[in-house]
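**Q** Chains as they are written, first to last, in our numbering: chain B, 1 to 231; chain X, 232 to 462. Once you've had a glance at the structure underneath, I'll fire off some questions.
Protein chains: 2
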Amino acid sequence: MAAIDRSLVRALPMFEKLSDAELDRMLARATLRRVPIGQAVFEQGQKATQFFLLLHGRLKVTQVTADGQQIIVRVVHPGDIFGFAKALMRDDYPGTPTAAAESLVLCWPTEVWGLFVEQNPHLAVNAMQTIGQRLQEAHTRIREMATEEVERRVAHAVLRLIDQAGRKEGEGIRIDFPISRQDIAEMTGTTLHTVSRILSAWEAKGLVEGGRQKLLVRDAAGLATLAEGES
Amino acid sequence: MAAIDRSLVRALPMFEKLSDAELDRMLARATLRRVPIGQAVFEQGQKATQFFLLLHGRLKVTQVTADGQQIIVRVVHPGDIFGFAKALMRDDYPGTPTAAAESLVLCWPTEVWGLFVEQNPHLAVNAMQTIGQRLQEAHTRIREMATEEVERRVAHAVLRLIDQAGRKEGEGIRIDFPISRQDIAEMTGTTLHTVSRILSAWEAKGLVEGGRQKLLVRDAAGLATLAEGES
DNA sequence: CAACCTGCTTGCGCGAGCGCAAAGACACTG
DNA sequence: CAGTGTCTTTGCGCTCGCGCAAGCAGGTTG
């Protein structure tokens, strides 16, 4: 197996406190994996044998309910770690991360997590913080789902996406990976139909510009107003 | 300040790996606080200066939205730690824990968290696991809110409550702290009216028995069937 | 270039559950 | 024990958004 170059991960805040030597030692235990669009890194319910770091691309983490309904729990962005179920004392993965765009992933066997943390407590602190943020985010979503009507939820979801994955593009901000109406529906707890209607309405108002698996936000401020619900 | 007796916390899984000496050292830094019913341990948005362990009683953690709506994020049970925002690198508390029953709380200044973790890495592992479980639970709730209709959500919430705070009582299982229809509504993202109607219907079917701030589940299995949604 | 597939749009009707409103029940206070 | 405040029940109308169904567009394949 070829050694993985430090430069791939050097810039990540996760590792900024590590020395080059420590980093190399970590990378020596890792494998690199390409995940083509539409493919899953692992499946919900599978035994957790590895944990991961997304280097490039984008993953949607889904969960399916007993009756086959699907929801998107979160989106994994480059630099995020994911699938560290073992650190949380689970032994199976709770969701399925699927590549929304061609992705590149670093994989470590779960056993090394303990070693890494021992050698470098910073990593544990960092991981803890990461989970904390996710918990926060989850609570925010719960609150939104409990109190807000669909249009505002969709607005919030879109704003979150342009915040996490926005790329400036001429007249506005583009969501930088392929995302369908169905996806947005699964993030906001509604149906593809309703999302389509809402986006059409927004397009008529000049707030956004749609397209097949594409979304361009022309007026983020306007959307934010909508999200805050001044009817 | 009087020393706090080890026996109060010895039995908690959180501390089972600690020696008596270590435990005493921790307790030496703690203060004990009684929280009367209806009172908050701290307020949402307040600077995080302490973290806590619930010894006795029951707390409901609420968040309020910008427009004044309230939701219950979770319930804190005896033995749970809470308010360790600093460990998650926040410096304010994200919610308000209010005593649903007369409660007893151990309080530590946030600074000692680092010390404790250094001395006893087990604590960090434990904390991580705790947050992991909460994240899991949060995702479960998101999934429920996104895919299930109100009656099933309420069923799930009640089942969770009897699981976490159920006490066997003659004909069924009682929820062991005062809980109102309003509370259940705020846990499931609906209104007090709808909850009341649902519980009335269940009572007619012999599934539960209601009362002012009380709930007794007579047929947990029946409720579970309902929650799984075999209409 | 035609055929096809997948994702998007739109119309229509219906039903769950919310909002409002009013009244009843229970517990605590003086 | 009457009075008061909080919690709960129940009725009624209305609206949001879902479900179904049909048609459309754009990109990909033979």
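We put the CB at the ideal spot given by N, CA and C, even for glycine. A quick note: this is a predicted structure, and the numbers were derived from the prediction, not measured.
1. Which residue marks the beginning of the beta strand (DSSP E) containing B/F51, and which one marks its end?
2. Tell me the residue span of the beta strand (DSSP E) that contains B/G172.
3. Would you say B/P94 lies against chain X (beta-carbon separation less than 8 Å)?
4. Let me check one thing: in DSSP terms, what residues is B/T233 bridge-paired to?
5. Quick check on X/V385 - is its C-beta less than 8 Å from some C-beta in chain B?
6. Can you tell me whether X/E368 is helix, strand or coil according to DSSP?
7. Alpha carbon to alpha carbon, how far is X/S238 from X/E342?
8. Under 8 Å, do B/V35 and B/V125 count as touching if we go by C-beta distance?
9. Can you tell me whether B/E149 is buried or exposed? The criterion is at least 16 other CB atoms within 10 Å of its CB, across all chains shown.
10. To test your reading of the DSSP string, which unbroken alpha helix (DSSP H) runs of 4 or more residues are found completely within the stretch 304 to 352 of chain X?
11. Excluding the 5 residues preceding and the 5 following B/D183 in the sequence, name in chain order all residues of the same chain whose CB lies nearer than 7 Å to its CB.
12. Please classify X/P244 as buried or exposed, where buried requires at least 16 other C-beta atoms within 10 Å of its C-beta.
13. Hey, could you find the ends of the beta strand (DSSP E) X/G453 is sitting in?
14. Just to confirm before moving on: does the CB-CB distance between B/Q50 and B/P109 stay below 8 Å?
15. Any idea what DSSP makes of X/I410, helix, strand or coil?
16. Let's see if you can read the secondary structure: which residues bound the alpha helix (DSSP H) around X/G384?
17. Against chain X, does B/D67 count as a neighbour if the rule is that its beta carbon must be under 8 Å from one of theirs?
18. Give the single residue among B/E203, B/D91 and B/I173 whose Cα lies nearest to the Cα of B/K47.
19. Counting along the chain, where does the alpha helix (DSSP H) carrying X/I429 start and finish?
20. Using a C-beta to C-beta distance shorter than 8 Å, which residues of chain B count as neighbours of X/A455?
21. Can at least three beta-carbon pairs, one atom from the stretch 298 to 313 of chain X and one from the stretch 248 to 259 of chain X, be found at a separation below 8 Å?
22. How long is the line joining the alpha carbons of X/E434 and B/T31, rounded to whole angstroms?
23. Check whether the stretch 394 to 401 of chain X and the stretch 149 to 169 of chain B are in contact - that is, three or more C-beta pairs closer than 8 Å.
24. Are the CB atoms of B/I4 and X/M376 nearer to each other than 8 Å?
**A** On the basis of the data shown:
1. Q50 to V64
2. Start and end: G172 to I175.
3. Answer yes: the Cβ-Cβ gap between B/P94 and chain X drops below 8 Å somewhere.
4. Because chain B is modelled from 1 through 231, residue 233 of chain B falls outside the range shown and cannot be assessed.
5. no
6. Correct three-state label for X/E368: helix.
7. Cα to Cα, the separation comes out at about 25 Å.
8. With contacts defined by Cβ atoms closer than 8 Å, B/V35 and B/V125 do not form a contacting pair.
9. exposed
10. 342 to 350
11. K60 and I72
12. exposed
13. Element bounds for X/G453: not the beta strand (DSSP E) but the alpha helix (DSSP H), A451 to E459.
14. yes
15. coil
16. Reading the sequence as shown, one finds Arg at residue 384 of chain X and not Gly. Counting along the chain, the alpha helix (DSSP H) containing X/R384 begins and ends at V381 to A396.
17. yes
18. Among B/E203, B/D91 and B/I173, the Cα nearest to that of B/K47 is on B/D91.
19. L423 to A435
20. Within chain B, no residue comes near X/A455; the closest Cβ sits about 12 Å away, beyond 8 Å.
21. With the cut-off at 8 Å, the stretch 298 to 313 of chain X and the stretch 248 to 259 of chain X do not touch.
22. 57 Å
23. no
24. no
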